[in-house]
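Peer 1:
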Amino acid sequence: MTATNRLVNAWFDPATRTIGASGKWRGLGDASDSGNWVQRGPAFVLDTFDVDATYDEAVNPWRLVSGGRVLDVPEHLPEERFDESAEDAADGQ
């Protein structure tokens, strides 16, 4: 087994030194993931990671990583908050 480092629908913000990426697991967009990596020194460190693994025809993501730390209890995100970050990523912001 091997791992490959690739990001889907990625963007970079030079002002904040942040890389973001989001991926739809199927065309409806009801199952997806998104993450942000912040540059710390020479490396990029995962800052936030959200996932919606429900396949239920609704956008209902959960935050698994926040502030670079894995959450003990995932945080449910409002649909509007998730949609805005996905739109920003698509616009390259």
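Count along the sequence shown starting at 1, add 37, and that's the number in this note's numbering.
Think of the CB as a built atom: it goes at the ideal place given N, C-alpha and C, for glycine as much as any other residue.
#1: Quick one: grab the DSSP three-state call for E116.
#2: How is the beta strand (DSSP E) around R131 delimited, first residue to last?
#3: So what does L83 bridge to, in DSSP terms?
#4: By Cβ distance, which residues of its chain are closer than 8 Å to L44, with the 5 residues on each side in sequence left out?
#5: In three-state DSSP terms, what is D89?
#6: By alpha-carbon positions, which one of R106, V107, E116 and S71 ends up nearest to V96?
Peer 2: This is what the structure holds:
#1: helix
#2: Outside the shown range of the chain, which is 38 to 130, sits residue 131, and nothing can be said about it.
#3: W74
#4: I56 and A58
#5: strand
#6: E116
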